[in-house]
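Chemist: The following block contains the structure, expressed as structure tokens.
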Amino acid sequence: MLNVFTLDNGRLKGGMVQEEISTAADLALLVGAERQPIWVDLESPSAEEKDWIRQRFGLVIPENIVDEDLEESARFYEEDNGELHIRSDFLIDDMDAPRNVRVAFILLNNVLFSIHNEDLPVFRLLRLRARRIPALIEDAKDVLLKLYDADAEYSADVLEGIYDNLEKVSERVLKKDVNDTEAGEVLAAIAREEDLNGRIRRNVMDTRRAVSFMMRSRMLNAEQFEESRQILRDIDSLDSHTAFLFDKINFLMDATVGFININQNKIIKIFSVASVALLPPTLIASVYGMNFRFMPEVEWQYGYPFALCLMAASVVAPFVYFRRKGWLA
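Just so we're aligned: 291 in numbering that gives the first Met the number 0 is position 292 of the sequence shown, and the numbers increase by one with no gaps anywhere.
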């Protein structure tokens, strides 16, 4: 899918009227002297669509442009012809499979090209804002900065959702009794929130690197530079919040595992008490099971009932002692 956004009197027209390109002729008609594109968004572009971009803009898009390469030298660089390349991760807060999606940006001749394989909430958020705020976008660098700004805000919203979910988990963990089944469900919920919090941490770290690169490259004007500094301040606050959530997640994880251990200890205690209580009667039965010739109780008329009563008393006595000590509670 290929979408082109143009400026109309200082407004991001694509945010209000999305120009979806289906043929090379559509692109040629749209890209005219009076309608210079400012943002070209390519979602899972085909080889044919990449060829349209090459013919119209003189930009060759590599096949591996969205590869997962973490080296900074391969993610933030400038070509000799003036192409500025930035590769960033953007978060998708999917209930079943939250993930970070790599997006490749190329800035050439004041046109921003974005290449990605999935539709991203942050991109939709920017288009929505462009409809509401007429003068939001002035050039291609504004588009890129606003995307990073929206990304930070989106991450903040997801963090608030994580906090709300952890509050619900806290209510389940900190109640009086937690059985093993419920503890297992809680651990699964905590693990999901921990994974999502980690993805947000990675996402904001990547955004910080990208914005810092733009500031170091001296491609921004004074207003954009100040906006970049504000984005970095927002990211710093998100870092503190993710650290707080990691601490809360670790506390809930430890508490849940502690309740599981307590439940297991209760079971082990039952077996331990039963084993100790059965030791005296076992000893008595062993004594009277010996085959010595001279054992007075063997020929005694009441020897058998006496042995049974003695064994029963040896079972009751430990239980009475344990209960008085409070070990059976």
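By construction, the Cβ of each residue, glycine as well, lies at the ideal position given by its N, Cα and C atoms.
All figures in this text were calculated on a predicted structure; none of them were measured in a lab.
(1) Would you identify the three-state DSSP class for A32, choosing helix, strand or coil?
(2) Look at P44 and L1 and say whether their C-beta atoms are less than 9 Å apart.
(3) Do you know offhand how far V319's Cα is from R201's?
(4) Does E62 come out as helix, strand or coil in the three-state DSSP assignment?
(5) Would you list the residues sitting across from Y76 in a DSSP beta bridge?
(6) If distances are taken between C-alpha atoms only, which option among F89, E226, N108 comes closest to V102?
(7) From H115 to L106, what distance separates their C-alpha atoms?
(8) Opposite I20 in the DSSP bridges: which residues?
(9) What are the residues that DSSP puts in a beta bridge with L111?
(10) Mind checking if V3 is an interface residue toward chain D, Cβ cutoff 9 Å exclusive?
(11) Buried or exposed for V210, going by 16 or more other Cβ atoms inside 10 Å?
(12) Leaving out five residues before and five after R53 in sequence, what residues of the same chain have Cβ atoms less than 7 Å from its Cβ?
(13) Name the two residues that bound the continuous alpha helix (DSSP H) containing V177.
(14) For the alpha helix (DSSP H) containing R322, name the first residue and the last one.
(15) Measure the Cβ-Cβ separation of A306 and E296 and say whether it is below 9 Å.
(16) Roughly how many angstroms lie between the CA atoms of F224 and E47, to the nearest whole one?
(17) According to DSSP, N99 sits in a beta bridge with which residue or residues?
(18) Smallest Cα separation from G197: which of N164, A242, M214?
(19) I need the DSSP call for L219, collapsed to helix, strand or coil.
(20) When burial is assigned at 16 or more other CB atoms within 10 Å of the CB, is F258 buried or exposed?
(21) Would you call the stretch 170-177 and the stretch 250-268 in contact, with 3 or more CB pairs under 8 Å?
(22) Which partner residues does L173 have in the DSSP bridge list?
(23) Measuring CB to CB, does D156 end up less than 9 Å from P97?
(24) Along the chain, where does the alpha helix (DSSP H) containing Y120 start, and where does it finish?
(25) Mind checking A129: buried by the 16 CB within 10 Å criterion, or exposed?
(26) Spatial neighbours of L125 within its chain, please: CB distance less than 8 Å, with the 5 preceding and 5 following residues excluded, ordered by chain position.
(27) For G160, which of A139, A187, S274, I199 has the nearest alpha-carbon?
Modeler: Taking the coordinates as given:
(1) Residue placement at A32 is flagged as unreliable, the pLDDT there being 48, under the threshold of 50; a coordinate-derived value is accordingly withheld.
(2) Yes, the Cβ-Cβ distance between P44 and L1 is below 9 Å.
(3) 59 Å
(4) coil
(5) The secondary-structure analysis by DSSP pairs Y76 across a beta bridge with H84.
(6) F89
(7) 15 Å
(8) Note: I20 sits in a beta bridge opposite L1.
(9) W38, L106
(10) Looking at the structure shown, chain D is missing, and only one protein chain is on hand.
(11) buried
(12) V59
(13) Premise fails: V177 is in no alpha helix (DSSP H) and is neither H nor E.
(14) From DSSP, the alpha helix (DSSP H) with R322 extends over 302-324.
(15) Between A306 and E296, the CB-CB gap stays under 9 Å.
(16) 37 Å
(17) L90
(18) Comparing C-alpha distances from G197 to each of N164, A242, M214 shows the shortest one belongs to A242.
(19) coil
(20) Buried.
(21) yes
(22) Under DSSP, no beta-bridge partner is assigned to L173.
(23) no
(24) Looking at the sequence itself, residue 120 is Pro, so the reference to Tyr does not match. Its alpha helix (DSSP H) spans residues 120-131.
(25) buried
(26) G14, V142, K145, L146, A149
(27) I199
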